[in-house]
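**Student:** Structure in structure tokens, see below.
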Amino acid sequence: MHLSVFIRRLALLVSIALLSACGVDDSSPFSEEIDTSKVYRWKMVTAWPPGFPVLQEGAERFAANLEAMSNGRLKVKVFAGGELIPALQTFDAVSQGTVEMGHGSAYYWAGKVPEAQFFSTVPFGMTPRGMNAWLYHGGGLDLWREVYQPYNVIPFPLGNTGIQMGGWFNKEINSMADLQGLKMRIPGLGGKVFAKAGGNPILLAGSEVYTALERNTIDATEWIAPYHDQRLGLHRAANYYYPGWQEPGAVLELSINKRAWNLLPPDLQAIIENAAKAENLLMASEMEQKNVVALAELRQRDDINIVPFPAEVLNTLKQITEQTLADEAAQNPKFKRVHEAYKDF
Ligand code: CA
């Protein structure tokens, strides 16, 4: 066959394929009339302090990308925790429709939705890779959306803290005996497990952590991972730094009010869905890069003792974690359902 004939036939085939594709699917978003002159002005509230590196910055970059990708049709104004509403009321504000969007992490709402914790992180649970695999491909995201359905909230993964460190201790931990009565800032499920292991979990806001450790009001604290820990100056307040068990990769959560979402045209919905996937990767990989650099500095420059917990300690904490989750599942069918899906994956 002569080349020009081949190209003409190929072009004909392609145009037939395109025409039939347009005709087949009437539900295609491109067949709907979209009023492209309409501008949607949304508010996003976050659970982070103003200017908080990576997390607040990521939320703001995400909002800027939505505006750029929608050619200015979706403008999201971002407010840090406390600027519009208190940090930990993000979920309620989105649920009630006070704002359209929020950024936080699902375990912050554990008091209201205990099973939400599995969509951020649980002790000895999945790492960021595992969570992305479960959420995007293993049914996790569908389950998460089902769990939030009664609250009129649609969740999306939007970043990950990476594997968090076990924290800063003013003494070496050689056995379970060293944890007895130890005063440690450790929130959430990790704190519950720590208490059952004989420790004394202390509730402290992030802003109080450094001073409390430096003045020996507490013996130990966990915070996030090397980069944020170093910025807080924790390496100047304690000398022993342990790899983590309590938060093996907290998924950060974009939440959207369902009514607001349903009012958006499908192209803007698709922009949000895909920009969220891009930002999920960007925030998580930025954490990873910054943590690697900070960990090397702590090790080499600051001469911090970075040693793993003894196997006996980790094994005991793991057993207590499994028992704690099983106890909760036995009392709460909703918790049980998510716990089983998580374990199965
Ligand atoms: Ca933490």
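Under the numbering used here, residues -1 to 343 are what the sequence shown spells out, in order. For each residue, glycine too, the CB sits at the ideal point set by N, CA and C. Just so we're clear, the structure is a prediction, and the values are computed from it rather than from any experiment.
#1: Rounding to the nearest angstrom, what Cα-Cα distance links G186 and G231 in this structure?
#2: If I follow the unbroken alpha helix (DSSP H) through G138, where does it start and stop?
#3: Could you tell me whether any non-hydrogen atom of ligand 1 is closer than 6 Å to the CB of Q162?
#4: Let me confirm a value: I318 is counted as buried when at least 16 other C-beta atoms fall within 10 Å, else exposed. Which label applies?
#5: Taking all protein chains shown into account, decide if K257 is buried (16 or more other Cβ within 10 angstroms of its Cβ) or exposed.
#6: Compute the beta-carbon to beta-carbon distance between R183 and E220, rounded to the nearest angstrom, for a pair I have assumed lies under 8 Å.
#7: Quick test of the definition: if touching needs 3 or more C-beta pairs under 8 Å, does the region 104 to 122 touch the region 144 to 155?
#8: Looking only at its chain, what residues have a beta carbon closer than 7 Å to the beta carbon of T314, apart from the 5 residues adjacent to it on each side?
#9: Based on Cα-Cα distance, which residue from L312, A328 and V249 lies nearest to M129?
#10: Please report the distance separating the alpha-carbon of N158 from that of A282.
#11: For ligand 1, any of its heavy atoms closer than 6 Å to the Cβ of E206?
#12: Leaving out five residues before and five after P155 in sequence, what residues of the same chain have Cβ atoms less than 6 Å from its Cβ?
#13: Got a sec? Which residues, its chain only, sit under 6 Å from W259 by beta carbon, not counting five neighbours each side?
#14: Among the residues of its own chain, which have a CB less than 7 Å from the CB of A193, if the five just before and after it don't count?
#15: Closer than 6 Å to a non-hydrogen atom of ligand 1 - does that hold for the CB of E271?
#16: Whole-angstrom Cβ separation of M124 and P246, contact assumed at under 8 Å?
#17: What residue from E98, S93 and W142 has the CA that sits closest to F117's CA?
#18: If we call anything under 7 Å between Cβ atoms a contact, is M99 one with W46?
#19: Quick one: grab the DSSP three-state call for P50.
#20: From K73 to Q162, what does the alpha carbon distance come to, in whole angstroms?
#21: By Cβ distance, which residues of its chain are closer than 7 Å to L64, with the 5 residues on each side in sequence left out?
#22: Please list the terminal residues of the continuous alpha helix (DSSP H) segment that includes W40.
#23: With a cut-off of 8 Å on the beta carbons, I'd call F122 and K316 a contact; round off their distance for me.
#24: To the nearest angstrom, report how far apart A62 and Q115 are at their CA atoms.
#25: Assign G342 to buried or exposed, taking buried as 16 or more other Cβ atoms, counted over all protein chains shown, within 10 Å of its Cβ.
#26: Could you check the C-alpha separation between G79 and G56 for me, to the nearest Å?
**Tutor:** Walking through what the data contain:
#1: Taken atom to atom, the span from the alpha-carbon of G186 to that of G231 is near 23 Å.
#2: Counting along the chain, the alpha helix (DSSP H) containing G138 begins and ends at G138 to Y146.
#3: yes
#4: Per the 10 Å Cβ criterion, buried.
#5: Looking at the sequence provided, one finds Arg at residue 257 rather than Lys. Classification of R257: exposed, given that the 10 Å Cβ count is below 16.
#6: 7 Å
#7: yes
#8: Excluding the 5 residues flanking it on each side, T314 has same chain C-beta neighbours closer than 7 Å at M174 and A195, in chain order.
#9: Selected option, being the one with the closest Cα: V249.
#10: Using only the alpha carbons, I get a separation of about 5 Å.
#11: no
#12: L133, V249 and N278
#13: I152
#14: P199
#15: no
#16: 7 Å
#17: W142
#18: The answer is no: Cβ separation not under 7 Å.
#19: In the sequence on display, residue 50 carries Phe and not Pro. Reduced to three states, the DSSP call for F50 is coil.
#20: A straight line joining the alpha-carbon of K73 with that of Q162 spans about 33 Å.
#21: Within its own chain, the residues whose Cβ lies closer than 7 Å to the Cβ of L64, once the five positions on either side in sequence are excluded, are L72, V74, I269, I270 and A273, listed in chain order.
#22: Premise fails: W40 lies in the beta strand (DSSP E), Y38 to T44, not in any alpha helix (DSSP H).
#23: F122 to K316, Cβ: 5 Å. Contact.
#24: Cα to Cα, A62 sits roughly 29 Å from Q115.
#25: At residue 342 the sequence reads Asp, which differs from the Gly that was named. By the 10 Å Cβ count, D342 comes out exposed.
#26: 14 Å
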